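Sequence order for the protein chains is A and B. Count the first sequence with this note's numbering and you get residues 91 to 469, in order. Count the second sequence with this note's numbering and you get residues -6 to 132, in order. Report on one structure; see the data block that follows.
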Amino acid sequence: MPHLRFTFVQSPVWGKTKEQLQRDVIEGTDPITGKPVMHEIVDELTKPLSPEDSISRTIPQSAGPESFGPDHAENLQRLFMEKRMTDYLPIVLPTAERVEAMLKGTSRKPEEVVGKMSPTPGVYENWSYTVRQVAVNAVMAGAEPRYFPVILAIASIGKESISSSDNSFAEAVVINGPIRDEIGLNYHIGALGPFSHANATIGRTYTLLSLNGGNCGKVGETYMGVMGNPMNYANIVIAENERESPWEPFSVRHGFKSGENVVSIFEGWGVLSAKNSKHAVWAKEMHFAQELKNISNDQDQLFGLLAVLSPAVASYMKSEGYDSVEKLTDFLYQSQDESTPHFRSKAQINVLVTGSSNNLYWDYGGMRYVKSVSIDEWL
Amino acid sequence: MDRRKMLALLGASPALVAGMPTHAETLPEVAPHPATPVLGGPITVLNPAVTPKLAERVPLAPRLNSLDGKTIYLVDTDWGGMGQNDGILQEMQAWFAQHMPGVKTIIKIKKGNFVTDDPGLWKEIAESKGNGVVLGVAG
């Protein structure tokens, strides 16, 4: 937040010797303000508050006019890029007619506030956004009105898809319920790839909304990712393959009714093929659950484990005796040698099922579960 | 478990599954966007980033007139939850001891990681009558 008192130090801090810390950090200067670090910290603790610092109020903020134009489409495409309102790919220009059509995808009123978001909660002030603003971003992403309830549910959670963190985090969106078939979400071959209009544009809307509704992604100001993350383009959209999964849907395991449409958010490093791990073996005799356990125990503990299994691999695990995800989670959580479990809690272990069964590949990553909400409330 | 046996249990061979139509092939056609403007004609579009107002701003805690004789907590957020990155706070503590010996500093490492809260620590600091906190992420 602009009025919070920060001192930045020369990064990175970890990995430095005592002497390097003294010379580069403690005796160094704030790379943003140029002031000596320790003197600045003392000032921040003792400098009197301004009237602005002392009051609690709502800060008005405008990001420009309500509309742009009239102008030619090519100029408007360029304008949106220059204002950093896009992912640098062409957008569908959000005319009033298109936005009105998108608004027909929900019964909610256009001026209703859907949620609020910031590039990092508690560090930057929240921006709030209305149903209409979400619709503008959904049009830009190329989404259809029938996807809009899913998009509004994602927006209502208020979790940024592009964190300001220098870690270059990625977000995953998990969708359960019959709406997956009703709007054509892909949960078969290529489930996590760019092979469905619904998956692609719902995910892209989440990114555009984070840029424009959440003040995210302004490089050097609200985005500091060292490497960036290609999953930020359209996020990781996971419609569960409920029909072929041997287990209950993720949403049902988290307290929602069977048949209820639900969206859930995960945050972390992203996912990659389990074949990347030395523990993913190709042998005549397999123990898939043990393989998953070996891989998870090699992971960093920060975000826990998100395993995205194909129906075939999940069915193998069921045949190995894990007839519920709870039973599988118990096995994954238990330490092998009576020592402290690798993860802090069973809640750090999450399992999803999607994709096809034409081979035995599956994905995993360090991603934490954030929250689930009903999509039906946004129909 | 034998892989071929398991595939048989699943009721499909890789070859059979590979020959099945993909879900993408069965998806409904994408509807065209309404009111597509005439190519080249000037149009007006809506701003996706208009924000009527920001959330409420929280007032800052009162500042200290001087740090002399005060207790300042140096708190590591323990970003990654490994409890190994408080070296910078140790050097900060050493700086206070050398340059401002009238300031008492206490180093604390927050439990959990950067996405978890530690209400017990905030309570401990409040009850011990700490005068100020420097909260840091070391990474």
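Where a beta carbon is used, it is the ideal one built from N, C-alpha and C, also for glycine. Small disclaimer: the values here were computed from a predicted structure and weren't measured.
Legend entry - Neighbouring residues, chain A, relative to B:PRO35 (Cβ below 7 Å): In the second sequence, the residue the question calls residue 35 of chain B occupies position 42. Here the neighbours are GLY159, PRO160, ASP161 and HIS162.
Inset, instruction - Might you give, ordered along the chain, the residues of its own chain that have their beta carbon closer than 6 Å to the beta carbon of A:PRO284, omitting 5 neighbours on each side? - result: As a first step, residue 284 of chain A is located in the first sequence; it is residue number 194 there, counting from the start. Within the same chain, ALA290 come within 6 Å of A:PRO284 by CB-CB distance, once the 5 residues on both sides are set aside.
Inset, instruction - Could you work out which residues of chain A lie near B:VAL127, taking near to mean beta carbons separated by less than 8 Å? - result: Locating residue 127 of chain B in the second sequence gives position 134, where the first residue counts as 1. Within 8 Å Cβ-Cβ: ILE131 and LEU135.
Legend entry - Coil, strand or helix - A:GLY303 by DSSP: Taking the first sequence and counting its residues from 1, the one referred to as residue 303 of chain A is at position 213. DSSP places A:GLY303 in helix when its eight states are reduced to three.
Legend entry - Helix, strand or coil at B:THR37 [DSSP, three-state]: For this step, residue 37 of chain B is matched to residue 44 along the second sequence. Three-state result, B:THR37: strand.
Legend entry - Stretch pair the region 266 to 277 of chain A + the region 143 to 163 of chain A: three plus CB contacts closer than 8 Å: At 8 Å Cβ cutoff, the stretches do not touch.
Legend entry - Contact test: A:HIS432 Cβ vs the ligand COA heavy atom, cutoff 6 Å: No copy of the ligand COA occurs in the structure displayed, which carries no ligand at all.
Inset, instruction - Pull up the CB-CB distance for A:GLY396 and A:ALA329, whole angstroms please, since I reckon it's below 8 Å. - result: The count along the first sequence starts at 1 and reaches residue 396 of chain A at position 306. The count along the first sequence starts at 1 and reaches residue 329 of chain A at position 239. The question names Gly, but residue 396 of chain A is Leu in the sequence shown. Actually they are not in contact, since the Cβ atoms of A:LEU396 and A:ALA329 sit about 15 Å apart, beyond 8 Å.
Inset, instruction - With 8 Å as the C-beta to C-beta threshold (strictly closer), list the residues of the region 137 to 157 of chain A near chain B in chain order. - result: LYS137, PRO138, LEU139, ASP143, SER144, ILE145, SER146, ARG147, THR148, ILE149, PRO150, GLN151, SER152, ALA153, GLY154, PRO155, GLU156 and SER157
Inset, instruction - Let me know if B:THR42 comes out buried or exposed under the rule of 16 or more other beta-carbons within 10 Å of its beta-carbon. - result: Here residue 42 of chain B refers to the residue found at position 49 of the second sequence. Sequence check: residue 42 of chain B is Ala here, not Thr. Label assigned to B:ALA42: buried.
Inset, instruction - Flag B:GLY74 as yes if its beta-carbon sits less than 7 Å from any beta-carbon of chain A, otherwise no. - result: If you number the second sequence from 1, residue 74 of chain B lands on position 81. By this cut-off, B:GLY74 is an interface position.
Legend entry - Cβ neighbour criterion (16 or more within 10 Å) applied to B:ILE100: Taking the second sequence and counting its residues from 1, the one referred to as residue 100 of chain B is at position 107. With fewer than 16 Cβ atoms within 10 Å of its Cβ, B:ILE100 is classed as exposed.
Inset, instruction - Just the chain A side, please: which residues come within less than 7 Å of B:SER59 by C-beta, in chain order? - result: If you number the second sequence from 1, residue 59 of chain B lands on position 66. Neighbours of B:SER59 on chain A, chain order: THR136.
Legend entry - Min CB distance A:VAL52 to chain B below 7 Å: In the structure displayed, chain A extends from 91 to 469; residue 52 of chain A sits before or after that span and is not available.
Inset, instruction - Note down the Cα distance separating B:THR37 from A:PRO184, rounded to an integer number of angstroms. - result: Locating residue 37 of chain B in the second sequence gives position 44, counting from the first residue. Locating residue 184 of chain A in the first sequence gives position 94, counting from the first residue. Whole-angstrom Cα-Cα distance: 8 Å.
Inset, instruction - Using a cut-off of 9 Å between C-beta atoms, extract the partners of B:VAL68 located in chain A. - result: Counting from one through the second sequence, the residue named residue 68 of chain B turns up at place 75. None at all; the shortest Cβ gap to chain A is about 13 Å.
Inset, instruction - Quick one: residues in its chain with C-beta nearer than 6 Å to the C-beta of A:GLY445, no 5 flanking neighbours on either side, listed in chain order? - result: Walking along the first sequence from the start, residue 445 of chain A turns up at place 355. Cβ neighbours of A:GLY445 beyond the five flanking positions: ALA281 and SER400.
Inset, instruction - Would you mind giving the Cβ-Cβ distance between A:ILE279 and A:VAL327, rounded to the nearest angstrom? I have them listed as a contact below 8 Å. - result: Locating residue 279 of chain A in the first sequence gives position 189, counting from the first residue. Locating residue 327 of chain A in the first sequence gives position 237, counting from the first residue. About 15 Å; that fails the 8 Å criterion.
Legend entry - Ranges of the alpha helix (DSSP H) found wholly within the region 43 to 113 of chain B, counting only runs of at least 4: 80 to 92
Inset, instruction - Kindly list, in the order they appear in chain A, the residues whose Cβ is closer than 9 Å to that of B:ILE102. - result: As a first step, residue 102 of chain B is located in the second sequence; it is residue number 109 there, counting from the start. Here the premise fails: no neighbours, minimum Cβ distance about 14 Å.
Inset, instruction - Label A:ALA437 either buried or exposed according to how many other C-beta atoms from any shown protein chain fall within 10 Å of its C-beta, with 16 as the threshold for buried. - result: In the first sequence, the residue the question calls residue 437 of chain A occupies position 347. Exposed: under 16 other Cβ atoms inside 10 Å.
Legend entry - Neighbourhood of A:ALA191 by C-beta distance below 7 Å, restricted to the same chain and skipping five residues each side: Walking along the first sequence from the start, residue 191 of chain A turns up at place 101. For A:ALA191, where only same-chain residues beyond five positions count, the Cβ hits under 7 Å are PRO235.
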